[in-house]
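Going by our numbering, the first residue of the sequence shown is number 37, and it counts up by one from there. C-beta: ideal position from N, C-alpha, C; glycine also.
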Amino acid sequence: MKRGVVLLGAALLLGGMGQAQTGSAGSKVPLATGTGGAVATVDLDASRAAMRILEAGGNAVDAAVAAAATLGVTEPFSCGIGGGGFMVIYLAKENRVVTIDHRETAPASFTPTVFIENGQPIPFDQRVTSGLSAGVPGTVRGWQEALSRYGTLSLRRVLTPAIVTARYGFVVDQNFRNQVQENEARFRAFTSTASLYLPNGQPPAVGRRINNPDLARTYETIARQGAAGFYTGEIAQAIAATVNNPPVAEGTTLNVRRGNMTLADLANYEARLRPPVVSTYRGYTIYGMQPPSSGGLTIAEALNIMEGYDLSAMSEPEAYQKYLEASRLAFADRGAYMADPEYTDVPRNGLLSREFAAERRALIGSQAAPGSVPPGDPFKFQTDPSYPLRPAPAGFEGNDTTHLTVSDRDGNIVAYTFTIESIGGNGMVVPGHGFLLNNELTDFDPVAPHPNVPEAGKRPRSSMSPTIVFREGKPVMALGSPGGSTIITTVLQTLFDVIDRKRTLAEAFTVPRFSQRNAATTGVDLGGENTPLAQGLAGLGYRWAPTPEIGRLTAIQFNPDGTVTAAAEPRRAGGGSALVQSGR
Ligand code: GLU
37 MKRGVVLLGA ALLLGGMGQA QTGSAGSKVP LATGTGGAVA TVDLDASRAA
87 MRILEAGGNA VDAAVAAAAT LGVTEPFSCG IGGGGFMVIY LAKENRVVTI
137 DHRETAPASF TPTVFIENGQ PIPFDQRVTS GLSAGVPGTV RGWQEALSRY
187 GTLSLRRVLT PAIVTARYGF VVDQNFRNQV QENEARFRAF TSTASLYLPN
237 GQPPAVGRRI NNPDLARTYE TIARQGAAGF YTGEIAQAIA ATVNNPPVAE
287 GTTLNVRRGN MTLADLANYE ARLRPPVVST YRGYTIYGMQ PPSSGGLTIA
337 EALNIMEGYD LSAMSEPEAY QKYLEASRLA FADRGAYMAD PEYTDVPRNG
387 LLSREFAAER RALIGSQAAP GSVPPGDPFK FQTDPSYPLR PAPAGFEGND
437 TTHLTVSDRD GNIVAYTFTI ESIGGNGMVV PGHGFLLNNE LTDFDPVAPH
487 PNVPEAGKRP RSSMSPTIVF REGKPVMALG SPGGSTIITT VLQTLFDVID
537 RKRTLAEAFT VPRFSQRNAA TTGVDLGGEN TPLAQGLAGL GYRWAPTPEI
587 GRLTAIQFNP DGTVTAAAEP RRAGGGSALV QSGR
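Okay, here's the thing in structure tokens:
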């Protein structure tokens with residue numbers, strides 16, 4: 037049977053009528069179930085790019101890079117080759133999980149006082165829109181590592197859908213327009229950004245088709261020359277020139293500081309293959325990202341704390357109170373101990389120990405803590421790093437942002453979160469090359485002493501949390517989200533909702549998100565502060581900080597009957613796109 041693509045709307049899974057289509061030209065639906073490969077991204081063009089590569093015989097790694105490159109065109113304010121990210125890959129045949137850290141690094145010129153002026157940190161909004169905040173981009177090196185080690189197709193082949201989209205254009209949606217509008221003043225401040233994203237001097241209208249021929253050419257150079265075409269030569273020179281001498285428009289009132297990035301900083305950029313963070317929760321084995329992302333450790337610590345409660349048996353407010361307090365405590369430890377492990381001694385084993393979790397759990401009462409709590413002392417539980425003699429059950433062998441999740445018919449899975457930090461990055465399109473630079477170095481803590489202070493060559497602490505969950509050695513779910521530090525709580529709450537509260541994945545996307553990050557107030561979205569659950573929690577002392585939307589999850593669930601369900605947001609940020617193959 038010829039493989040096709042079956043698109044099933046949420047209505048079908050819920051028992052209503054759905055529409056089945058074949059080919060890769062489906063429409064934008066947030067939920068799709070089928071057999072074979074699956075993809076969930078925030079954008080239909082990107083999901084289609086991944087599906088095309090799967091249909092052409094590529095594997096999940098090939099398809100993930102194809103989707104990511106397309107997102108660099110159609111979601112350019114959240115991600116792209118001017119930024120960095122973290123990829124978690126499950127290789128089914130070899131039954132192992134690998135992770136690729138391609139986080140941006142600080143240039144060699146960095147010192148702990150780089151963001152201090154006259155004894156004070158440079159104001160955050162000025163740090164963002166500066167050459168100083170741009171880290172050496174990691175994305176292209178990450179793609180090349182992923183493809184050359186674990187892919188089956190060439191960089192040229194997987195970049196082709198993105199090159200076509202960049203050259204011939206895509207249709208502006210409301211989210212795209214909103215993001216330009218939010219950034220209008222600073223986009224206007226840079227000649228290169230204004231000419232690309234403010235055509236005729238205005239944010240592009242919804243429904244208008246726009247293209248990015250400069251980015252198409254940049255991708256072609258990378259396709260021809262590999263990562264070397266980005267980290268050396270003309271593109272590298274243009275990146276350094278933009279950082280060191282930002283292309284400010286005449287008459288701008290913004291105080292745009294220059295950075296100090298050299299060609300050597302770019303040429304020397306390396307991705308890192310790191311062992312995943314491996315933890316267990318109620319019989320599930322969870323693989324996440326190591327530092328410099330704080331995602332894997334923070335989620336694992338919170339789950340270790342939560343595991344001491346019978347959360348399924350509790351009332352909804354009681355169970356959520358434990359989730360929120362576990363998150364609060366884990367965030368206290370995140371803030372104190374997590375940073376680039378090549379620069380600071382992150383007590384990973386202590387943070388992951390059950391004894392440490394028990395000590396932290398003992399601090400949780402039946403009410404909300406009134407505000408921030410201090411960190412614990414994981415060093416008491418720190419042991420030497422060691423590796424199990426036998427593989428863990430899932431086959432572990434030793435070892436603004438967007439998230440995409442891809443699987444293929446052979447069972448390989450990619451959970452990939454990548455970013456340029458703020459929506460619109462540092463606001464500067466590299467002239468002639470069509471991509472925005474990141475402002476990732478604002479993720480450093482600007483005031484020393486702190487493990488996450490800026491230092492030469494260091495990677496700032498991240499919250500990105502691409503995650504793959506197994507049970508008895510078989511994949512159950514892969515997921516991740518954008519949203520700064522709410523990435524961690526979005527992934528954590530989804531695991532809690534699905535594992536403890538027995539929600540379907542579709543339900544977990546529609547419930548309001550509650551986000552406690554060691555603060556006096558708790559974030560809540562989609563009007564969730566007005567729900568009976570929130571009222572119950574308010575009775576336990578929670579005070580709400582309502583916000584329109586938290587996170588923009590994508591996920592794939594591997595169902596017990598052998599089918600696979602791809603899921604993206606049905607509502608948040610205009611919804612996402614899920615596509616699944618059918619037939620084998
Ligand atoms: N820079 C953030 C991080 O690495 C991601 C940005 C976002 O999702 O808003 O955690």
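- Annotation note: the region 557 to 594 contains the following uninterrupted alpha helix (DSSP H) runs of length 4 or greater, listed N- to C-terminal: 568 to 574.
- For Phe146, the closest C-alpha among the options Ala170, Val465, Asn448 is that of Ala170.
- Among the bridge pairs identified by DSSP, Asp137 is matched with Phe122, Arg308.
- The continuous beta strand (DSSP E) containing Pro511 extends over residues 510 to 516.
- For Gly519, there is no enclosing beta strand (DSSP E), as DSSP marks it with neither H nor E.
- Cβ contact annotation for Leu195 (same chain, cutoff 7 Å, sequence separation greater than five): Ala105, Tyr255, Ile258, Ala259, in chain order.
- Between the C-alpha atoms of Gln418 and Val382 there is a straight-line separation of about 10 Å.
- When rounded, the separation of the alpha-carbon atoms in His439 and Val101 is 12 Å.
- Closest in C-alpha terms to Val505, from the list Arg495, Ala451, Gly461, comes Ala451.
- The way I'd put it, the region 138 to 155 doesn't touch the region 218 to 234; fewer than three beta-carbon pairs between them come closer than 8 Å.
- In this structure, the C-beta of Asp479 approaches the ligand GLU to less than 6 Å from one of its heavy atoms.
- In this structure, Gly563 keeps its C-beta atom at 7 Å or more from the C-beta atom of Ala570.
- The region 328 to 347 makes contact with the region 383 to 397; the number of CB pairs closer than 8 Å reaches 3 or more.
- The C-alpha of Val172 is placed about 40 Å away from the C-alpha of Gly319.
- Using a 10 angstroms sphere on the CB of Arg364, the tally of other CB atoms reaches 16 or more, which defines it as buried.
- Inter-residue distance for Gly121 and Gly516 is about 12 Å (C-alpha atoms, whole angstroms).
- Around the beta carbon of Glu111, a 10 Å sphere encloses 16 or more other beta carbons of the protein chains shown; the residue is thus reported as buried.
- Annotation for Arg84: the continuous alpha helix (DSSP H) segment containing it runs 80 to 91.
- With a cut-off of 8 Å on Cβ pairs, the region 203 to 213 is not in contact with the region 270 to 282, counting fewer than three such pairs.
- Between Leu528 and Pro353 a beta carbon distance of about 17 Å is seen, past the 8 Å cut, so the two are scored as non-contacting.
- For Glu585, the shortest C-beta to heavy atom distance toward the ligand GLU is 6 Å or greater.
- Taking the Cβ of Ser499 as the reference point, at least one heavy atom of the ligand GLU falls within a distance shorter than 6 Å.
- Taking C-alpha positions only, Thr289 is separated from Gly155 by approximately 24 Å.
- Shown here for Lys494: same chain residues with a beta carbon closer than 6 Å to its own, the five before and five after excluded, namely Ala142, Asp376, Tyr379 in chain order.
- For Ile449, the three-state secondary structure derived from DSSP is strand.
- With a threshold of 6 Å, the Cβ atom of Pro487 does not count as near the ligand GLU, since no heavy atom of the ligand is closer than that.
- With the rule of 3 Cβ pairs closer than 8 Å, the region 547 to 555 does not count as touching the region 324 to 335.
- The straight-line gap separating the alpha-carbon atoms of Val150 and Gly470 is approximately 28 Å.
- Using a 10 angstroms sphere on the CB of Glu605, the tally of other CB atoms reaches 16 or more, which defines it as buried.
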